[in-house]
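Here the protein sequences line up with chains A and B, keeping their order. Each number in this note's numbering corresponds to the 1-based position in the first sequence with 29 added. Each number in this note's numbering corresponds to the 1-based position in the second sequence with 10 added. Below: one structure, written as structure tokens.
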Amino acid sequence: MKRCGLLLGLVPFLLPAQSLQRAEALWRAHDYVAASNEFDALLKAQPDNANIKVRAGQFYFERYYPDDASKLFQAAIAMDPKNAQAYLGLARVYEENFSGKAKEAADKALEIDPKLYEADELKARIALEDDDQKGAIEAADKALAIKPDAVVATAIHAAVDLLADKESPWLAKIGNRGVGYETIAHFFVINRRYEDGIAYYKKAVAATPDLWSAHSQLGVNLMRMGRDGEAYKELELAYNNDHTSDASTRNSLKLLDTFKDYKTFETSTTILKLDKKEADALRPYFEDQMKFNIALYEKKYQYKLKEPVQVEVYPNHEDFAVRTLGLPGLGALGVTFDTVVAMDSPSGRKPGEFHWASTLRHEMSHVYMLKLTNDRVPRWFTEGVAVHEETATTPDWGDRITPEIITAIRDKKLLPVAGIDRGFVHPEFPAQVIVSYFEAGAMCDYIAGRWGELKLLDMAHEFTKNVPTVTVIRDQLKIEPEAFDKDFLADIDKQYGNTVKHFEEWTKGLGELNKLSRQPDAKPEELLTKARELEAIYPDYVELGNAYLVAAKACLAKEDKQCALDEYAKYAKHSGRDAEAIKFYAKMLDEAGKPKEAEVALDRLNWVNPLDQDLHQKLGGLYLKTHDAPLAAREFQALVALHPIDAAGAHYNLAMAFNAQGQKDKAREEALNALEAAPNFKPAQKLLLEVSGDGTSK
Amino acid sequence: MVTVAGLGGETDYEQRFTLLANDTDKILKSGGGADRVVETFKGADSTKAKVTAALNQIASQAKAQDVLVLMMIGHGTFDGTEYKFNLPGPDISGTELAGLLNRIPATRQLVVDMTSASGGVTPALKKDGRTVITATKNGMEKNATVFARFWVEALRDPAADTDKNEIVSALEAFHYAQTKTDAFFKDQKRLATEHAQLEDQTKAAAFPLVRYGSAAAVVNDPAKRDLVSKKEEIENKIDALKFEKDLMNPEDYKRQIAALLLELAKTQELIDK
Numbered sequence: 030m031k032r033c034g035l036l037l038g039l040v041p042f043l044l045p046a047q048s049l050q051r052a053e054a055l056w057r058a059h060d061y062v063a064a065s066n067e068f069d070a071l072l073k074a075q076p077d078n079a080n081i082k083v084r085a086g087q088f089y090f091e092r093y094y095p096d097d098a099s100k101l102f103q104a105a106i107a108m109d110p111k112n113a114q115a116y117l118g119l120a121r122v123y124e125e126n127f128s129g130k131a132k133e134a135a136d137k138a139l140e141i142d143p144k145l146y147e148a149d150e151l152k153a154r155i156a157l158e159d160d161d162q163k164g165a166i167e168a169a170d171k172a173l174a175i176k177p178d179a180v181v182a183t184a185i186h187a188a189v190d191l192l193a194d195k196e197s198p199w200l201a202k203i204g205n206r207g208v209g210y211e212t213i214a215h216f217f218v219i220n221r222r223y224e225d226g227i228a229y230y231k232k233a234v235a236a237t238p239d240l241w242s243a244h245s246q247l248g249v250n251l252m253r254m255g256r257d258g259e260a261y262k263e264l265e266l267a268y269n270n271d272h273t274s275d276a277s278t279r280n281s282l283k284l285l286d287t288f289k290d291y292k293t294f295e296t297s298t299t300i301l302k303l304d305k306k307e308a309d310a311l312r313p314y315f316e317d318q319m320k321f322n323i324a325l326y327e328k329k330y331q332y333k334l335k336e337p338v339q340v341e342v343y344p345n346h347e348d349f350a351v352r353t354l355g356l357p358g359l360g361a362l363g364v365t366f367d368t369v370v371a372m373d374s375p376s377g378r379k380p381g382e383f384h385w386a387s388t389l390r391h392e393m394s395h396v397y398m399l400k401l402t403n404d405r406v407p408r409w410f411t412e413g414v415a416v417h418e419e420t421a422t423t424p425d426w427g428d429r430i431t432p433e434i435i436t437a438i439r440d441k442k443l444l445p446v447a448g449i450d451r452g453f454v455h456p457e458f459p460a461q462v463i464v465s466y467f468e469a470g471a472m473c474d475y476i477a478g479r480w481g482e483l484k485l486l487d488m489a490h491e492f493t494k495n496v497p498t499v500t501v502i503r504d505q506l507k508i509e510p511e512a513f514d515k516d517f518l519a520d521i522d523k524q525y526g527n528t529v530k531h532f533e534e535w536t537k538g539l540g541e542l543n544k545l546s547r548q549p550d551a552k553p554e555e556l557l558t559k560a561r562e563l564e565a566i567y568p569d570y571v572e573l574g575n576a577y578l579v580a581a582k583a584c585l586a587k588e589d590k591q592c593a594l595d596e597y598a599k600y601a602k603h604s605g606r607d608a609e610a611i612k613f614y615a616k617m618l619d620e621a622g623k624p625k626e627a628e629v630a631l632d633r634l635n636w637v638n639p640l641d642q643d644l645h646q647k648l649g650g651l652y653l654k655t656h657d658a659p660l661a662a663r664e665f666q667a668l669v670a671l672h673p674i675d676a677a678g679a680h681y682n683l684a685m686a687f688n689a690q691g692q693k694d695k696a697r698e699e700a701l702n703a704l705e706a707a708p709n710f711k712p713a714q715k716l717l718l719e720v721s722g723d724g725t726s727k
Numbered sequence: 011m012v013t014v015a016g017l018g019g020e021t022d023y024e025q026r027f028t029l030l031a032n033d034t035d036k037i038l039k040s041g042g043g044a045d046r047v048v049e050t051f052k053g054a055d056s057t058k059a060k061v062t063a064a065l066n067q068i069a070s071q072a073k074a075q076d077v078l079v080l081m082m083i084g085h086g087t088f089d090g091t092e093y094k095f096n097l098p099g100p101d102i103s104g105t106e107l108a109g110l111l112n113r114i115p116a117t118r119q120l121v122v123d124m125t126s127a128s129g130g131v132t133p134a135l136k137k138d139g140r141t142v143i144t145a146t147k148n149g150m151e152k153n154a155t156v157f158a159r160f161w162v163e164a165l166r167d168p169a170a171d172t173d174k175n176e177i178v179s180a181l182e183a184f185h186y187a188q189t190k191t192d193a194f195f196k197d198q199k200r201l202a203t204e205h206a207q208l209e210d211q212t213k214a215a216a217f218p219l220v221r222y223g224s225a226a227a228v229v230n231d232p233a234k235r236d237l238v239s240k241k242e243e244i245e246n247k248i249d250a251l252k253f254e255k256d257l258m259n260p261e262d263y264k265r266q267i268a269a270l271l272l273e274l275a276k277t278q279e280l281i282d283k
């Protein structure tokens with residue numbers, strides 16, 4: 030008993046070294062659960078040991094728990110501000126999320142330990158992700174000076190050459206080290222050269238067959254290209270061997286499993302994948318827009334795709350989000366991989382939260398830009414053209430300038446054209462990606478306005494030759510990039526200067542206006558005056574609490590219908606899309622004897638939320654009234670597909686629309702469907718007799 | 011028909027409940043027969059004393075063949091044992107409510123409790139001949155409900171009349187409100203905090219809440235009695251065929267139902283002549 034007591038007394042003293050060795054050994058032996066337990070015990074036993082925190086952080090980072098790793102590295106830095114490995118670990122976590130803080134952390138690591146070549150390699154990666162090739166090569170060379178065979182630095186050199194379509198002597202130096210090819214593949218992928226990326230991931234797994242991260246990424250990218258069978262094999266291989274905790278592998282596999290719940294509709298130019306539950310309702314609207322966009326872009330970009338465009342529509346936002354994991358930038362609503370577009374379904378978000386048709390037009394512009402330039406287009410340009418296209422054909426689509434963009438303009442945070450790409454990849458402030466989308470779009474609007482729409486196509490053609498942005502600006506616009514920036518900012522000031530200048534006043538005023546509008550004794554005239562002042566300052570603001578809708582209500586309070594109609598018209602013109610407000614506007618237009626204008630107002634909502642039953646009911650009714658039977662049929666077909674409460678009514682209206690087109694058989698079938706739901710539905714009985722040639726009804 | 015809008019607590023709820031009660035009152039008065047009696051309590055009037063007095067008065071006047079409909083809008087609470095409907099002043103408990111309703115001789119009673127925690131009232135109100143609809147599954151669903159809003163919408167929206175007989179029954183209104191409530195939570199990407207309940211669908215179908223159009227018109231012409239009988243016969247055949255649908259060859263079903271529906275339409279046309 031005494032010996033036991035002695036041994037127990039020694040345990041706490043020996044525990045750290047023994048546990049760390051055991052944790053490391055278990056980690057090397059791929060026994061990750063046991064290693065994790067060891068690290069946890071060690072962290073508990075030695076809460077003040079920064080080195081243990083760093084090592085545990087490295088373990089958790091490798092095992093796909095970046096948040097835990099980040100906390101451990103930060104805790105280590107708090108205890109030991111001179112811990113270079115902790116800074117390097119933190120830099121890696123930041124870099125994986127494309128955070129703008131990665132470089133700063135890597136610099137700090139090098140400041141403490143100038144021979145930490147992995148930090149130079151990381152800086153090289155960050156620079157190349159920002160398309161800063163010079164910076165990437167400099168950092169890679171620093172790493173190679175310390176460690177001549179550093180594989181990531183070697184791969185960075187090779188990637189720079191390969192991205193420029195040059196043969197690279199550095200490739201041979203990678204040899205059979207799969208990590209090097211994996212690094213190259215990463216750069217092809219983030220430059221949207223997915224097929225090249227796939228080829229290099231294949232090289233990586235050929236060189237190092239147990240490089241499971243490369244198997245996983247190979248699977249993810251095969252899936253992006255619609256090669257689901259091959260993708261599944263690679264993802265399953267990674268999952269079964271190593272990647273059970275990796276969200277990208279696990280969720281991609283889960284997503285592939287859900288594909289059985291999708292219906293695929295194919296034409297010679299389109300492939301549309303929709304969830305079975307909403308396929309029949311969404312199909313007409315999506316196919317219509319896909320065909321419209323193809324015709325539009327074929328003409329505009331003078332380019333005919335050699336293969337169909339595939340659009341995948343996800344009702345579950347998390348399924349869509351799987352498609353964008355590991356990619357820089359926002360990709361919040363849609364993403365394009367070569368000719369495959371993945372996007373949120375209108376049902377994936379709160380009704381009216383996003384304009385799906387605008388998103389589709391944006392993404393399909395990418396398809397053309399990527400194909401047209403053989404994937405050599407820089408990020409800012411393809412995003413800029415895509416944003417430009419959202420409103421180029423239909424000005425009341427697209428997203429309007431938001432308060433955070435106004436703030437960025439005010440704070441002079443727009444980037445020069447030569448460096449705008451980094452705003453997408455490594456944002457330095459939370460809204461920078463959104464601001465960069467806006468800025469790139471505004472630059473393309475400016476180019477189209479000043480040099481003509483065709484100039485965008487000329488620029489795209491030059492990008493095909495893998496020419497940098499500054500050269501293309503000089504060649505095509507005959508202007509120095511700095512001069513372009515100056516002129517562009519002057520144009521921004523012309524458009525938004527008033528909003529920026531009075532932004533504080535507007536913010537305060539909008540709050541006051543909304544508060545006043547809630548007072549029962551508020552004077553309509555006063556509300557109207559204040560609302561119009563605010564509209565003049567920031568005409569693009571159509572979100573919650575906007576001045577147009579307050580003004581419209583004030584007009585109605587003074588029983589001035591025309592005044593209300595004018596306010597709603599301004600709201601719609603500036604892309605306002607609150608369904609209840611637009612429906613009310615359409616009702617007023619119809620009551621004012623303008624059913625055609627009411628149709629236009631309501632039809633806009635189809636491109637926002639085609640799953641709105643009430644919308645189809647109202648719009649279908651209007652089309653019947655104005656004798657536009659084909660469009661009435663489209664609306665009632667969508668309504669029937671949504672399984673409304675009033676199924677009989679929907680089938681009956683559809684029967685009416687078919688009958689109006691002279692399609693008696695279809696009309697009879699729908700009348701029967703209505704009567705099956707409600708056998709004594711008299712109008713449907715009359716219609717059935719009429720289209721069946723029975724009875725006396727006419 | 012009695013509608014009670016309880017205590018709102020906050021101005022917003024107070025206004026909302028009163029608005030719903032006003033709408034219900036208006037719809038029920040315009041959408042019923044001359045023999046329908048509609049009473050509505052709202053705001054400061056919806057006290058326990060007034061509601062009790064009204065139910066006692068109904069108990070003294072109603073006959074066995076009468077139909078009683080009680081609709082409750084507002085907040086409710088459930089302490090694990092007893093449900094309470096929040097009213098200005100003292101609340102009324104589920105047991106007290108059951109006592110009052112039990113004294114009413116009407117053998118067909120419908121209680122639509124649309125408050126939070128309303129599922130907690132069901133055990134107390136259980137009785138033969140009484141149909142209970144609640145906005146929540148049990149007394150533990152305590153968030154303010156949206157069911158009432160869609161129930162009232164059902165009473166005024168012809169789309170709720172799914173069988174197109176120009177009558178919105180309690181069953182149709184329930185389905186309408188339930189579907190819209192589900193859609194509300196789904197659209198808002200929120201976890202549903204209420205799950206409406208109805209125990210007996212068949213009985214609920216027999217409670218006409220709102221009539222419109224020519225639904226009340228009765229065919230009194232003796233010359234048409236044969237046609238009416240024939241119509242009922244066809245309706246029965248349609249119901250029987252629908253019952254068999256899942257067991258039948260789809261083409262056979264389609265052919266047979268089409269023939270019956272066409273025959274029904276022709277018969278109706280002759281009746282309407």
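No residue lacks a Cβ here, since even glycine has one placed at the ideal position from N, Cα and C.
- Under the three-pair Cβ rule at 8 Å, the region 117 to 136 of chain A counts as touching the region 88 to 98 of chain A.
- The criterion of a C-beta distance shorter than 8 Å is not satisfied by ALA630/A and ALA608/A.
- DSSP, read as helix, strand or coil, puts ASP304/A in strand.
- With fewer than 16 neighbouring CB atoms inside 10 Å of its own CB, LYS552/A falls in the exposed class.
- Rounded to the nearest angstrom, the Cβ distance from ALA165/A to ARG206/A is 19 Å, too far for a contact under 8 Å.
- Cβ-Cβ distances below 7 Å link SER281/A to GLY248, VAL249, MET252, LEU264 and VAL351 in the same chain, with the five nearest sequence neighbours on each side left out; the list follows chain order.
- Taken in chain order, the complete alpha helix (DSSP H) segments of 4 residues or longer contained in the region 191 to 253 of chain B are 211 to 215.
- Per DSSP, the unbroken beta strand (DSSP E) holding LEU80/B starts and ends at 77 to 83.
- Looking at the backbone, the Cα of SER604/A and that of VAL14/B are separated by about 43 Å.
- In the three-state DSSP reduction, SER40/B falls in the helix class (H, G or I).
- When 7 Å is used as the limit between beta carbons, GLY678/A is near these residues of chain B: ALA169, in chain order.
- In the DSSP assignment, LEU120/B falls outside any alpha helix (DSSP H) and lies within the beta strand (DSSP E) extending over 118 to 123.
- Contact check between the region 237 to 247 of chain B and the region 51 to 69 of chain B: fewer than three CB pairs, one atom from each, fall below 8 Å, which does not count as touching.
- When GLN666/A, GLY722/A and GLY691/A are compared, the shortest CA-CA separation from ALA703/A is found for GLN666/A.
- If you ignore the 5 residues before and after GLU316/A, its C-beta comes within less than 8 Å of the C-beta of PHE294, THR296, THR299 and LEU301, all in its own chain and listed in chain order.
- Contact of ALA551/A with chain B by beta-carbon distance below 7 Å is absent, the smallest such distance being about 16 Å.
- Contact between MET11/B and LEU29/B is absent: CB atoms are separated by about 18 Å, not below the 8 Å threshold.
- Considered as a whole, the region 633 to 676 of chain A harbours 642 to 654 and 658 to 670 as its complete alpha helix (DSSP H) runs of no fewer than 4 residues, in chain order.
- Residue pairing by DSSP places ARG140/B opposite GLN119/B in a beta bridge.
- Just so you know, the alpha carbons of ILE68/B and LYS602/A end up roughly 57 Å apart.
- Classified as buried, GLY118/A has 16 or more neighbouring CB atoms from the shown chains inside 10 Å of its CB.
- For the pair ARG390/A and GLU419/A, the CB atoms are nearer than the 8 Å cut-off.
- By the neighbour-count criterion, in which 16 or more other beta carbons inside 10 Å mark a residue as buried, MET124/B falls on the buried side.
- Exclusion of the five residues before and after VAL142/B leaves VAL121, THR132 and LEU135 as the residues of its chain whose Cβ lies within less than 6 Å of its Cβ.
- Just measuring C-alpha positions, the residue of ALA58/A, ARG378/A, SER48/A and PHE88/A sitting nearest LEU71/A is SER48/A.
- PHE687/A is outside the set of residues whose beta carbon lies under 8 Å from a beta carbon in chain B.
- A distance below 8 Å separates the beta carbons of ILE449/A and GLU468/A.
- Contacts with chain B (Cβ-Cβ distance below 9 Å) from the region 523 to 537 of chain A involve no residue at all.
- Interface residue (Cβ-Cβ distance to chain A less than 8 Å): ALA275/B is classified as such.
- With a minimum length of 4 residues, the unbroken runs of alpha helix (DSSP H) contained wholly in the region 143 to 200 of chain A fall at 146 to 158, 162 to 175 and 180 to 192.
- In the structure shown, LYS231/A falls within a helical segment according to DSSP collapsed to helix, strand and coil.
- For HIS205/B, the nearest beta carbon of chain A is not closer than 8 Å to its own beta carbon.
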